[in-house]
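Trainee: Quick note: the sequence shown, position 178, residue 754 per the working numbering, numbers continuous.
Just dropping this structure here.
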Amino acid sequence: MTAFPRLERLALSWAFNNDTEAFGPAVPRLLLIIRNAPLLRYANLNHVPNANLPFEQLSTLHFHYSPDILHTVAILQRSPNLLDLYWLDTGGDLPVTTPPPAPVKLALLRSLKIGDPRLLSLLTAPRLQRLEMVRKIHKVIDGAAANALARLLRRSSCDLQFLVLSLQGKRTSAAALERFLRAAGPVPHLTLNQATIDIQMPALEGVGVLPGLKHLEIRDHVLQESYDHNRRNLPSLRDHYRALLKTLWRRQRNGTLESFELFLCTAPEAPLPVLPAELIAEFLALAEAGLRVRVAHDHDRGVVLDIHLAQ
């Protein structure tokens, strides 16, 4: 492939079958070259590591597989004008005898979404406002990730506004998550997607954890998971949200938290859950204390509560 004078967006995905290993030798042999595409601004490359594009033109890049860290750095060095970067897998580690590469400065980058915390050590992003971490929680949240995040924010001197944790599973501890949140500094907006409330709420109660937190959003999938597994035994919502309520009260009394949003995520075909009266009463009491509380169903299935009482 060569000239595409009207191409603005590009999405490519390597197709696998049972005889093809996802990270096997067949993938790097695919070579894609695109030149003379002056309008190209968006690229989504899924297991197409050897694509040769005009990366310097891109404002958005989604890159789902890199064979190794040096390849990752090479792509980043060719992409100085990125505003939005999603990088799922940074690739294999460097040999122990190879010195780590210097961080690549992306001066315009505003939004970073990653599934591999090693990327935090490869970037300097002075305008970074939004960071999202994805994948299995035990692969993303650990001491190394917390240290890498702290160093990224320190050398970038950026004003991080939004932290989103879209993490699956429970194979971590509240202490590990607390350390990561502490490294994030005074982020005002926190979103917990696929929240594991029993782990994540205690992490938010530590002294000095997200001291500037003003807005907390939780997308809770426990109802969907319960419905998918047995379609009958949904958890007691009052018991399920006990740790959440404790954290909300503590945060509200400490003075910075202004609003809380809870999205009840269920399968589209599942019945809508009914909040028990005592849980609604707890949310109303929080609103009377000054916290804006909003509870809604996902898939635009309606708002349960939206309470904001003027003080």
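All residues carry an ideal CB built from backbone N, CA and C; glycine is no exception.
Quick one: what does DSSP say Arg-731 is sitting in, helix, strand or coil?
Mentor: Note: Arg-731 maps to helix in three-state DSSP.
Trainee: Could you check whether Arg-877 and Leu-848 sit closer than 8 Å to each other, using their CB atoms as the reference points?
Mentor: Cβ atoms of Leu-848 and Arg-877: closer than 8 Å.
Trainee: Can you have a look at Glu-584 and say buried or exposed, based on whether 16 or more other CB atoms are within 10 angstroms of its CB?
Mentor: Glu-584 should be labelled exposed.
Trainee: Run through the region 732 to 793 for me and flag every whole beta strand (DSSP E) of 3 or more residues, listed as ranges in chain order.
Mentor: Segments of the beta strand (DSSP E) lying fully in the region 732 to 793: 738 to 744, 765 to 769.
Trainee: Excluding the 5 residues flanking Val-763 on each side, which residues of the same chain have their C-beta closer than 6 Å to its C-beta?
Mentor: Correct list, in chain order: Leu-736, Leu-739, Leu-786.
Trainee: Short check: CB of Ser-687 to CB of Thr-666, under 8 Å?
Mentor: Taking 8 Å as the Cβ cut-off, Ser-687 and Thr-666 do not qualify as a contacting pair.
Trainee: Using the C-alpha atoms, what's the distance from Ala-579 back to Leu-696?
Mentor: Whole-angstrom Cα-Cα distance: 34 Å.
Trainee: Return the CA-CA distance between Asp-874 and Ala-819, expressed in angstroms with no decimal places.
Mentor: Cα to Cα, the separation comes out at about 22 Å.
Trainee: Counting C-beta neighbours from all protein chains within 10 Å, is the total for Pro-676 16 or more, i.e. buried, or is it exposed?
Mentor: With fewer than 16 other Cβ atoms within 10 Å, it is exposed.
Trainee: What is the DSSP secondary structure of Gly-668, reduced to helix, strand or coil?
Mentor: In the structure shown, Gly-668 sits in a strand (DSSP, three-state: E or B).
Trainee: For the alpha helix (DSSP H) containing Ala-863, name the first residue and the last one.
Mentor: Note, Ala-863: alpha helix (DSSP H), 853 to 864.
Trainee: Since Thr-823 and Met-777 should fall inside the 8 Å C-beta cutoff, what is the C-beta to C-beta distance between them, to a whole number of angstroms?
Mentor: The pair is a contact, with the Cβ atoms about 4 Å apart (cut-off 8 Å).
Trainee: If distances are taken between C-alpha atoms only, which option among Leu-725, Ile-773, Arg-731 comes closest to Leu-757?
Mentor: Comparing Cα positions, the closest option is Leu-725.
Trainee: I need the DSSP call for Ala-720, collapsed to helix, strand or coil.
Mentor: Of the three classes helix, strand and coil, the one that applies to Ala-720 here is helix, per DSSP.
Trainee: Please classify Thr-673: is it buried, with 16 or more other beta-carbons within 10 angstroms of its beta-carbon, or exposed?
Mentor: Looking at its Cβ environment, which holds fewer than 16 other Cβ atoms inside 10 Å, Thr-673 is exposed.
Trainee: Please report the straight-line C-alpha distance between Ser-835 and Gln-828, rounded to a whole angstrom.
Mentor: Their backbone Cα atoms lie some 9 Å apart in a straight line.
Trainee: As a quick exercise: from Ser-635, Leu-698, His-791, Gly-691, pick the residue whose alpha carbon is nearest that of Gln-744.
Mentor: Minimum Cα distance to Gln-744 is reached at Gly-691.
Trainee: Drop a sphere of 10 angstroms on the beta-carbon of Asn-612, count the other beta-carbons inside from all chains shown, and report buried for 16 or more, exposed for fewer.
Mentor: Under this definition Asn-612 is an exposed residue.
Trainee: What do you get for Pro-717, buried or exposed, if any count of 16 or more other CB atoms within 10 angstroms of its CB means buried?
Mentor: The amino acid at residue 717 is misidentified as Pro; the sequence shows Ile. Under this definition Ile-717 is a buried residue.
Trainee: Taking all protein chains shown into account, do 16 or more other C-beta atoms lie within 10 angstroms of the C-beta of Arg-755, making it buried, or fewer, making it exposed?
Mentor: Classification for Arg-755: buried.
Trainee: DSSP on Asp-876, reduced to helix/strand/coil?
Mentor: In this structure, Asp-876 counts as coil in the three-state DSSP scheme.
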